[in-house]
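Q:
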RNA sequence: GGGUCUAUGGCUCAGCCAGGUAGAGCACCGGACUCUUAAUCCGGCUGUCGAGGGUUCGAAUCCCUCUAGACCCGCCA
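Numbering (our numbering), first residue to last: 78 to 602.
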């Protein structure tokens, strides 16, 4: 009944221990365990793509943590020989002429990387760096041109008919019964999705024809070129249904997570890996897609991407790691509005982590401790940081537009929310400030400025200019115009900071300056 | 056609994987403090854990069936 907690008690530890058990059973060495994450390079990386890599890194950490004799490494593999299927929302239409070409052969529209593909995977690598995640980066283009998969490619193409039959059996997809699972880049037009290979020649070459293809309901024109292509020199790539297997075998990959959208591909690749390439396939875990708040899949090519960059504009790296590490099962609806929750949840975890008594449920406490440790990549800080509540910060940030950090920090100290100002506080103020600026008050109602209220506001503005204390000015004008004080306060908040509530007004007015507030009130009338 | 996930208080969800007295936040009610706003603090209310069956001493949790919703695959990657 009381099972011993595995590792640090999280799903990551459980997964890693299953993996170790399997490796031992297979009699393989634990000296270097490679875990892999495919990056994708054809669209703007979203939270889900990041999750794949971050979770794989979690498994890497857990492996080294569980077994002292074990070293592990995360391979981040950019699929930059994949062709461009669709111009992502917000990108220039001129990319249309490159549809079907490998993304590493398309110029970077932003001009900062050597190709479109490098730009896209670069964004993901940047966010991995921002999170402190270490990886070994491999680009498909380099791997193929160095002949990394030559041996596997040969074996696969030799067994193409057997593989085609199997694919048709388990996925219902029949095309590989007649077509080789390999796409050469057309030597004439540079496209990769238009080439069809019917024959694998004995000398390591394939013969192909460049035909029209339909991708995503859209026709991509082929150029009609017919030629032969060497399969070992980077002039083409394996189809996805068999390419993972080649990678796993060539790089000796022992773990790879996957989204449910590629379940079939993984099943085929497992079979190919085991039966054609003689490499026991990596241990897997399947995860659900991240959905946006409306419940639709986050897609790289339609506009609703929640990118790691967006998250990190408002939330801490820890909050993003928490999102990805707290669990792996279950469909996840996620949006910018979750960032405040996750940031605060880190604070809550931290409080529990440093609390003296761990509560009644030891197992649960251990899991939460473990989660906190993973959120800090297993190097938790020696002592808790000052972590003011995010919603309070947003509210204060809305109130103080100028010299924000100084004003907000002073408030926090006065409230007793924080005792000291440290790096975390200024980071939090900056992030919550971004949130307040971008999402501030848009849903706040417009103040109702009719007769008496209008007069009252004018009086208040005059009184403020005359140096009257804010509190007195508000009270007397409320009496004079027969308005509830609470209504005046409410209206003032709406006028001054476009929110129905806020910090105490008298101190706020003192901070900001009575003259400026008076001007703001007049400006709204 | 095939597959996966989800269903827990008014709302959003945790707990389920490794069974042991149903939890949190928000909302709401009462109180404290306050400048009749906000924030903070204390206390309180809120549940046929989607339905039915099974396993078990014990099921929100495991198994089966069903219902509802969502997503994915059946182009390509």
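Idealized CB from N, CA, C, for every residue including glycine.
It should be emphasised that the depicted structure is a prediction, and the values quoted were computed from it without experimental measurement.
Considering only C-alpha positions, which residue in the set 180, 395, 261 is nearest to residue 501?
A: Per the Cα distances, 395.
Q: Quick one: using the 10 Å Cβ neighbour count with 16 as the cut-off for buried, is residue 456 buried or exposed?
A: Label assigned to residue 456: exposed.
Q: Using C-beta distances below 7 Å, list every residue in its chain close to residue 363, excluding the 5 sequence neighbours before and after it, in chain order.
A: Hits under 7 Å: 335, 337, 340.
Q: In the DSSP assignment, find the alpha helix (DSSP H) that holds residue 198 and state where it starts and stops.
A: Where residue 198 is concerned, the enclosing alpha helix (DSSP H) stretches over 193-208.
Q: Near residue 342, what residues of its chain come up, given a Cβ to Cβ distance below 6 Å and the 5 sequence neighbours on each side ignored?
A: Around residue 342: 317, 318.
Q: Could you round the C-beta distance between residue 259 and residue 273 to whole angstroms and report it? I think they count as a contact, below 8 Å.
A: With a Cβ gap of about 10 Å, residue 259 and residue 273 do not count as contacting.
Q: Residue 541 to residue 486, Cα distance in whole Å?
A: Cα to Cα, residue 541 sits roughly 25 Å from residue 486.
Q: By a C-beta neighbour count over all protein chains shown, 10 Å radius and 16 as the cutoff for buried, is residue 520 buried or exposed?
A: Because residue 520 carries a pLDDT of 46, less than 50, the predicted location of this residue cannot be relied on, and no value is offered for it.
Q: Do residue 360 and residue 96 have their CB atoms nearer than 9 Å?
A: The answer is yes: Cβ separation under 9 Å.
Q: Can residue 152 and residue 328 be called in contact, C-beta distance under 9 Å?
A: Yes. Within cutoff.
Q: Measure the CB-CB distance between residue 110 and residue 150 and report whether it falls below 9 Å.
A: Contact: yes.
Q: When burial is assigned at 16 or more other CB atoms within 10 Å of the CB, is residue 244 buried or exposed?
A: Buried is the call here.
Q: So, helix, strand or coil for residue 279, using DSSP?
A: Correct three-state label for residue 279: coil.
Q: Run through the stretch 239-271 for me and flag every whole beta strand (DSSP E) of 3 or more residues, listed as ranges in chain order.
A: Here the runs fully enclosed are 259-261.
Q: Residues in its own chain within less than 6 Å of residue 323 by CB, not counting five upstream and five downstream?
A: The answer, listed in chain order, is 226, 229, 315.
Q: In whole angstroms, what is the alpha-carbon distance linking residue 553 and residue 545?
A: Going by the C-alpha atoms only, they are around 11 Å apart.
Q: Just checking my contact of residue 604 with residue 448 at CB under 8 Å: how many whole Å lie between their CB atoms?
A: Beyond the ends of the chain as shown, which are 78 and 602, falls residue 604; an answer cannot be given.
Q: For residue 219, which option in 107, 351, 158, 294 has the closest C-alpha, if you only look at C-alpha atoms?
A: That would be 158, whose Cα lies nearest to the Cα of residue 219.
Q: Could you check what DSSP says for residue 311 in three-state terms: helix, strand or coil?
A: Looking at residue 311 - three-state DSSP - the assignment turns out to be coil, as it is neither helix nor strand.
Q: Can you check whether the CB of residue 309 is closer than 9 Å to the CB of residue 288?
A: It is not a contact, given that the beta carbons lie outside the stated cut-off.
Q: With the cut-off set at 9 Å, would you say residue 221 and residue 120 are in Cβ contact?
A: No; because the gap between Cβ atoms is not below 9 Å, this pair is not in contact.
Q: Under 9 Å between the Cβ atoms of residue 417 and residue 512?
A: Result yes, Cβ atoms of residue 417 and residue 512 sit closer than 9 Å.
Q: Hey, residue 369 and residue 410 are a contact pair by Cβ (cut 8 Å); roughly how many whole angstroms apart?
A: Correct: roughly 7 Å between the Cβ atoms.
Q: Give me the Cα-Cα distance between residue 610 and residue 464, rounded to the nearest whole angstrom.
A: Absent from the model: residue 610. The displayed extent of the chain is 78 to 602, so no value can be given.
Q: CB residue 402 to CB residue 451, shorter than 9 Å?
A: In contact: residue 402 and residue 451 (Cβ atoms closer than 9 Å).
Q: What ranges does the alpha helix (DSSP H) occupy inside the stretch 337-416, keeping only unbroken runs of at least 4 residues that lie completely in it?
A: Those alpha helix (DSSP H) runs which fall completely within the stretch 337-416 and span 4+ residues are 340-352, 385-391, 394-402.
Q: For residue 230, which three-state DSSP category applies?
A: Helix at residue 230.
Q: Taking 8 Å as the limit between beta carbons, can you name the residues of its chain near residue 415, skipping five residues before and five after?
A: Correct list, in chain order: 400.
Q: Compare the beta carbon distance of residue 160 and residue 178 with 9 Å and say whether it is the shorter of the two.
A: Yes, Cβ-Cβ distance for residue 160 and residue 178 is below 9 Å.
Q: Residues in its own chain within less than 6 Å of residue 83 by CB, not counting five upstream and five downstream?
A: For residue 83, where only same-chain residues beyond five positions count, the Cβ hits under 6 Å are 90, 91, 94.
Q: Name the DSSP bridge partner or partners of residue 506?
A: Paired residue(s): none; residue 506 is not in a bridge.
Q: What is the rounded straight-line gap between the Cα of residue 476 and the Cα of residue 483?
A: Answer to the nearest angstrom: the Cα atoms are 13 Å apart.
Q: Check residue 212 in the structure and name its three-state DSSP category.
A: Residue 212: coil per DSSP, three-state reduction.
Q: Pull up the distance between the alpha-carbon of residue 555 and that of residue 596, whole angstroms please.
A: Looking at the two C-alpha atoms, the distance is approximately 20 Å.
Q: Can you give me the Cβ contacts of residue 202 inside the same chain, cut-off strictly under 6 Å, excluding the 5 residues immediately before and after it?
A: Nothing meets the Cβ criterion.
Q: Look at the alpha carbon of residue 257 and the alpha carbon of residue 238, and state the distance between them as a whole number of angstroms.
A: Distance between the alpha carbons of residue 257 and residue 238: 8 Å.
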